[in-house]
Amino acid sequence: MRYLPLTPDDRTAMLAKIGAGSVDELFADVPELARLDGPIHDLPAHASEMAVERHMAKLARRNLTAGDGPFFLGCGAYKHHVPATVDHIIQRGEYLTAYTPYQPEIAQGTLQMLFEFQTQVARLFGCDVANASMYDGSTACWEAITMAGRVTKRSRAVLSSGLHPHYVSVANTMAKFTGDTLVTATPELTAEPDTDALIDQIDDETSCVVVQYPDILGRIGDLSKLAEAAHAKKALLIAVVTEPVALGAIKAPGEMGADIVVGEGQSLGVGLQFGGPYVGLFACSQKLVRQMPGRLCGETVDAEGKRGYVLTLSTREQHIRREKATSNICTNSGLCALAFSIHMTLLGEKGLRQLAEINHALACKAADRLTQVPGVELVNGAFFNEFTVKLPAEARPVVRALADKGMLAGVSLGRLYPAEDALAGGLVVAVTETTTEDDIEQLAAALKEVLA
Amino acid sequence: MTINQSGWKPEMTSGDQQGPTETFTGARALMRDEALIFEIGSTDTTGVDFGEVEAPASDRLGGLARNRDIGLPGLSEPETVRHYTRLSRQNYAIDTGIFPLGSCTMKHNPRLNERVARMPGFADIHPLQPVDTVQGALEVIHQLSNWLVTLTGMHSVAMSPKAGAHGELCGILAIRAALEARGDTREVILVPESAHGTNPATAAFAGYKVEGIPANGAGRVDLEALKQRLGPDVAAVMITNPNTCGLFEPDMKAISDAVHAAGGFVYCDGANFNAIVGRVRPGDLGVDAMHINLHKTFSTPHGGGGPGSGPVVFSQALTPYAPLPFVEKTADGFQLVEEETAEEHHARSFGRMVAFHGQMGMFTRALSYMLSHGADGLKQVAEDAVLNANYVLRSLSDVLQAPFGDSGPCMHEALFSDKGLAEGFSTLDIAKALIDEGYHPMTMYFPLVVHGAMLIEPTETESKAGLDQFIGAVRSVVERAKAGDETLKGAPWYAPRRRLDETQAARKPVLVWEDPNLVQAAE
Chain D
12 MRYLPLTPDD RTAMLAKIGA GSVDELFADV PELARLDGPI HDLPAHASEM AVERHMAKLA
72 RRNLTAGDGP FFLGCGAYKH HVPATVDHII QRGEYLTAYT PYQPEIAQGT LQMLFEFQTQ
132 VARLFGCDVA NASMYDGSTA CWEAITMAGR VTKRSRAVLS SGLHPHYVSV ANTMAKFTGD
192 TLVTATPELT AEPDTDALID QIDDETSCVV VQYPDILGRI GDLSKLAEAA HAKKALLIAV
252 VTEPVALGAI KAPGEMGADI VVGEGQSLGV GLQFGGPYVG LFACSQKLVR QMPGRLCGET
312 VDAEGKRGYV LTLSTREQHI RREKATSNIC TNSGLCALAF SIHMTLLGEK GLRQLAEINH
372 ALACKAADRL TQVPGVELVN GAFFNEFTVK LPAEARPVVR ALADKGMLAG VSLGRLYPAE
432 DALAGGLVVA VTETTTEDDI EQLAAALKEV LA
Chain W
7 MTINQSGWKP EMTSGDQQGP TETFTGARAL MRDEALIFEI GSTDTTGVDF GEVEAPASDR
67 LGGLARNRDI GLPGLSEPET VRHYTRLSRQ NYAIDTGIFP LGSCTMKHNP RLNERVARMP
127 GFADIHPLQP VDTVQGALEV IHQLSNWLVT LTGMHSVAMS PKAGAHGELC GILAIRAALE
187 ARGDTREVIL VPESAHGTNP ATAAFAGYKV EGIPANGAGR VDLEALKQRL GPDVAAVMIT
247 NPNTCGLFEP DMKAISDAVH AAGGFVYCDG ANFNAIVGRV RPGDLGVDAM HINLHKTFST
307 PHGGGGPGSG PVVFSQALTP YAPLPFVEKT ADGFQLVEEE TAEEHHARSF GRMVAFHGQM
367 GMFTRALSYM LSHGADGLKQ VAEDAVLNAN YVLRSLSDVL QAPFGDSGPC MHEALFSDKG
427 LAEGFSTLDI AKALIDEGYH PMTMYFPLVV HGAMLIEPTE TESKAGLDQF IGAVRSVVER
487 AKAGDETLKG APWYAPRRRL DETQAARKPV LVWEDPNLVQ AAE
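Just so you know, the sequences run in chain order D and W.
So the first sequence is residues 12 to 463, counted in this note's numbering.
So the second sequence is residues 7 to 529, counted in this note's numbering.
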């Protein structure tokens, strides 16, 4: 077998050194009843590289890919162009096949990259500090809610109706077990986000307010008022960013008073991958740093006084604190953080702003063009690269019909909120730099045809 | 002593032929430091070209357009490639040598898996596409599920957990949901002292009180003591099997029976499943839930700290409580059961624990690995992993104390203590000296039950010649530590950095780069 270097002679020599007559003797502790002798039924035997590649390629071909036609899906996962450099570098064995940097003297590559990543995320979000990544946006969001609970010693979290429904679902699952109270609501197809409704919900028991920016419908609202209202009740404001490219165009949540900013970093460097692996971003103010979950990389010096980096503040973490840790997270999303960081370095501030401008410009064009289709109305007042339109019919069958034409038209709100009839006409359309004007034209024409 | 038993030993430069002590750049040939992007980049530089797109007459950003600088430096493409390539050369990796971190299972990462994961049909599909456009992806999940369920002899599998610790949480939440469904409010989870830190942290994260389980003199769970402690307040026990001392728990079935008789559930930490895959099915041992680290047993790359993937297999008793979403095969093809259809089929699910459907990019890699090895090859994987570990154990137990060496063979990892080192020498010194020998050290000071623990997991992808060389290096370093060789305390001498000051890092944390000029101005 190509992945196993031991030869039959090696095995014999090694058994002799060990003093065992056979490999079976090494498994002597396994009780008789649990031993599997003979082949495992129903599973195939080994296969060549070529045969495996053929099998997998056949499965891959059964999917309609984002590159196959016009593509407008978003809602927490975005199709952006990832420069070839990113994928080349993350496949270098020194990154790909390294472990969590527990031996910093021979892991400065990973550690320095993480330090740069933390700085990039903190600056993008307008916060003091960021950690070395979480699993994804949805788990980062729940971790932020529990962190707010630790900081405020309260357990009532107010969640915006504009928060991604999967993120709400994750929080609901966890809260059932931790006993936290979550105040949630279903979004309405209004032009503005639910800022005022959220402010009304903040009381003296509230640990945090969680607001997505831009929200699930693509709407953008000023967070300053919300931050003030939360702070007046000594609650924290948590902002959730599922499209970090937006922050090349709009104000950072930290700038508007958010105490914790979490996000999904998939847009930069990572790719769609059917939902994972992605990379959770987590940033906060300096005074909250000791309550943060996850790995943190910090600067220090070595025995000769040279600058170097180590994992630090690990007394918050499970491998030291065990049941008193701030989170159980261990493995996070290191390689995706590297991809994010390389993409961000290639862009730089200038490139990020250009990228954001192009996304916004194309989204404006798409919104204008789609609303020329009879019966289609734009919901949003403001938006970045994603907006919601209301169709004169249920959006879900429309999306399905357009998929048959090889076009992925957007995310129907019926998919995300199947029980909500009032949202059934909603279609969330995402437009990025990968969208062409011809794609927009094709979508408008097809939509017109299907709705007629 | 022949240090390199694979035959070749490089010539060392002799001490009296040293070159100049300083170079202009501070570099030592291939070993050179790299500045931070914040020190070499500029916010006016970009390495990406965009086409022209006409700006809208006015923006629709609701008056929230960014008006402050962000402070994100950019580099041109060649500078970017060079920056990250130079940094990469300061990393040790499996691709450069044995990575014997006990409990972490650092095995070779086949490149076929990378190619497969990047096929556009897997890499370039959106999680919210209509399900009839992603039938191939759902079939990957379905096939992988079938492998995992069959190999473990369990009833079902939840694919969405993002990593091992997330899988632990998934298992414990299912247990809690099952208990609550029968109106049972048990609040204690028993965890052995030798467990990974994630076990007690997970139990606490899910709202449980954590208590220890005593071990016996042979490094296994003390069955009688466990039975004494079981009772109506114990929700579950979390057992790692093979355990973190590298030993199989021979009483596992009896433990499960006792826990079940007392009304509790058995969670198995499957981090070490690589030792028994194809030879033992946890389902035959009474396990109710177990996570599987695809990034350990099934070779998906660790990536310098993730991403992982931690599917959880369940017994029949826990299956109804498994999380959403999951894939079901129907007459009309593969369906994705989410919140919408869960009520019909899966009303007792404890809910969703992550956005979307799990680590697809890891599923494709793991399935590619399983198909490559096949059921026969996976059994050989376990056997070679155990053989390599026992070879290390017996090749070092005359110089290092193996606390459980007398009780028989180990499984996939060999455990040693620091007993016998000269006064003032520690496991840390051994580890750092191994860095100078060109190796990544073993896991240090874990498990906590052994003084100065050194846990070596070679994995099945190391050759005998490679192991012989590694063993030679460990023996040499240990002999120096026994002889009181003070130079060990300064090790590593030849790494990109000498020992780093972790105390300073924690006392005054510097977690982001700040422009020293601005910092100075502020002070």
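We put the beta carbon where it would ideally sit given N, CA and C, even for glycine.
As the structure is a prediction and not an experimental result, all values here were calculated from the model.
Check, Outcome
"If you drop the 5 nearest sequence neighbours on each side, which residues of the same chain put their C-beta closer than 8 angstroms to that of M296(W)?", "T158, M160, G177, Y273, C274, D275, G276, F279, P288, V318, V319"
"Among S469(W), Y445(W), P464(W), D435(W), which residue has its Cα nearest to the Cα of K488(W)?", "D435(W)"
"Got a sec: is the Cβ-Cβ distance from Y98(W) to anything in chain D below 8 angstroms?", "yes"
"If we count the other Cβ atoms within 10 Å of its Cβ and call it buried at 16 or more, is G417(D) buried or exposed?", "exposed"
"Along the chain, where does the beta strand (DSSP E) that runs through A118(D) open and close?", "Per DSSP, A118(D) belongs to no beta strand (DSSP E) and is neither H nor E."
"Who are the neighbours of V405(W) on chain D, taking C-beta pairs under 8 angstroms?", "Those within 8 angstroms of V405(W) in chain D number zero; the least Cβ separation is about 15 angstroms."
"Per DSSP, K401(D) is paired with what?", "E388(D), G437(D)"
"Is V283(W) closer than 8 angstroms to L154(W) when the C-beta atoms are compared?", "no"
"Keeping to the same chain, check which residues put their C-beta closer than 8 angstroms to that of E127(D); ignore five residues upstream and five downstream.", "S352, T356"
"Cβ closer than 9 angstroms: which chain D residues qualify as neighbours of D424(W)?", "Correct list: empty, because the minimum Cβ distance to chain D is about 17 angstroms."
"From E40(W), A501(W), H202(W), pick the residue whose C-alpha is nearest to that of Y445(W); which is it?", "A501(W)"
"Go ahead and label H92(D) buried or exposed: buried means 16 or more other beta carbons lie within 10 angstroms of its beta carbon, across all protein chains shown.", "exposed"
"R167(D) to Q119(D), Cα distance in whole Å?", "41 angstroms"
"Which complete alpha helix (DSSP H) runs does the stretch 226-303 of chain W hold, if anything under 4 residues is left out?", "229-235, 258-267"
"Would you please state the rounded distance, in angstroms, between the beta carbons of G292(W) and L253(W)? I believe it to be under 8 angstroms.", "Incorrect: roughly 18 angstroms between the Cβ atoms, too far for contact."
"Which one of V440(D), A109(D), A435(D), Y89(D) has the shortest CA to CA distance from L93(W)?", "A109(D)"
"Take the Cβ of A123(W) as the centre, count every other Cβ of all protein chains shown within 10 Å, and call the residue buried at 16 or more, exposed below.", "buried"
"Let me know if S374(W) comes out buried or exposed under the rule of 16 or more other beta-carbons within 10 Å of its beta-carbon.", "buried"
"Please specify which runs of the alpha helix (DSSP H), each continuous and at least 4 residues long, are wholly inside the stretch 135-194 of chain D, giving them in chain order.", "148-163, 176-189"
"Look up V290(D) in the DSSP assignment and say whether it is helix, strand or coil.", "coil"
"Taking C-alpha atoms, which residue in D20(D), A348(D), S172(D), G286(D) lies nearest to S144(D)?", "A348(D)"
"Would T8(W) count as contacting chain D if we go by Cβ distances under 8 angstroms?", "Annotation note: pLDDT 45 at T8(W) (below 50); position unreliable, no value reported."
"According to DSSP, V221(D) sits in a beta bridge with which residue or residues?", "L170(D), I249(D)"
"In the DSSP assignment, find the unbroken beta strand (DSSP E) run with E334(W) in it and report its ends.", "332-336"
"Output needed for A367(D): all residues of its chain with C-beta closer than 6 angstroms, excluding positions within five of it in sequence on either side, in chain order.", "V256, G259, A260"
"Threshold first: 4 residues or longer. Then list the alpha helix (DSSP H) segments lying entirely within the stretch 60-111 of chain W, N to C.", "83-94"
"On the DSSP letters alone, give me the boundaries of the beta strand (DSSP E) that L234(D) sits inside.", "That residue, L234(D), is in no beta strand (DSSP E); it is neither H nor E in DSSP."
"Which parts of the stretch 129-217 of chain W are runs of the beta strand (DSSP E), unbroken and 3 residues or longer, counting only runs that do not cross its ends?", "162-164, 194-198"
"Run through the stretch 341-423 of chain W for me and flag every whole alpha helix (DSSP H) of 4 or more residues, listed as ranges in chain order.", "345-351, 366-402"
"Compare the C-beta of F304(W) with all C-beta atoms of chain D and state if any pair is closer than 8 angstroms.", "no"
"What three-state label does DSSP hand D20(D) in the structure shown?", "helix"
"Starting from the Cα of P94(D), find the closest Cα among R327(D), K298(D), G282(D), D379(D) and give me that residue.", "G282(D)"
"So is Q6(W) in contact with chain D if we call contact Cβ pairs under 8 angstroms?", "Here chain W covers residues 7 to 529 and nothing more, so residue 6(W) does not appear."
"Expressed to the nearest angstrom, what Euclidean distance is found between the alpha-carbon atoms of A155(D) and V518(W)?", "20 angstroms"
"Keeping to the same chain, check which residues put their C-beta closer than 7 angstroms to that of L427(W); ignore five residues upstream and five downstream.", "A487, K488"
"Any beta carbon of chain D sitting closer than 8 angstroms to that of L36(W)?", "no"
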